[in-house]
Amino acid sequence: MVITIPGAKVIATAHDVLVKFDNSLITLQAKTDDLTVFEGARLLVANGGTVTWSFPLGTQEVLDSFCSVTGISPI
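Be aware that the sequence shown starts at 29, since it is given in our numbering, and climbs by one per residue.
In structure tokens, the structure reads:
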């Protein structure tokens with residue numbers, strides 16, 4: 029599934045997530061086991077041990093679609 033949000037594209041599968049930033053060579057990647065979704069803040073947080081990043085998911089619809097594809101339950 030590809031979710032387009034302002035400034036980036038989120039590519040999500042049941043096992044991996046990529047965040048590709050528009051007009052940039054930067055791509056964030058994480059396994060879904062390392063991800064947490066915070067529903068109130070609509071925030072995706074990756075914590076792979078030594079590397080941590082977070083990314084806003086924008087709308088509730090985007091959050092719901094993302095959680096549906098990845099199987100992650102938001103907290």
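The C-beta atom is built at its ideal place from N, Cα and C for all residues, glycine as well.
For residue i, which of helix, strand or coil comes out of DSSP?
i	result
D44	strand
S101	coil
T60	helix
State yes or no: is the C-beta of residue i within less than 8 Å of the C-beta of residue j?
i	j	result
G86	I33	yes
L3	V45	This structure does not reach residue 3, given that the chain is present from 29 up to 103, and the question cannot be answered.
I'd like to confirm the pairing. Which residues does DSSP put opposite residue i in its beta bridges?
i	result
V38	I31 and V47
L80	Note that residue 80 is Thr in the sequence shown, not Leu. In the DSSP output, where bridge partners are listed per residue, T80 has N75.
On the criterion of 16 or more Cβ atoms from any shown chain inside 10 Å, does residue i qualify as buried, or is it exposed?
i	result
T98	buried
L53	exposed
A69	exposed
T42	The residue you asked about is not Thr; residue 42 is Ala in the sequence shown. Result: exposed.
My guess is that residue i and residue j are in contact by the Cβ rule of under 8 Å, so how many angstroms apart are they, rounded?
i	j	result
F49	A36	5 Å
S82	L91	In fact, because the Cβ distance is near 14 Å, the residues do not count as touching under 8 Å.
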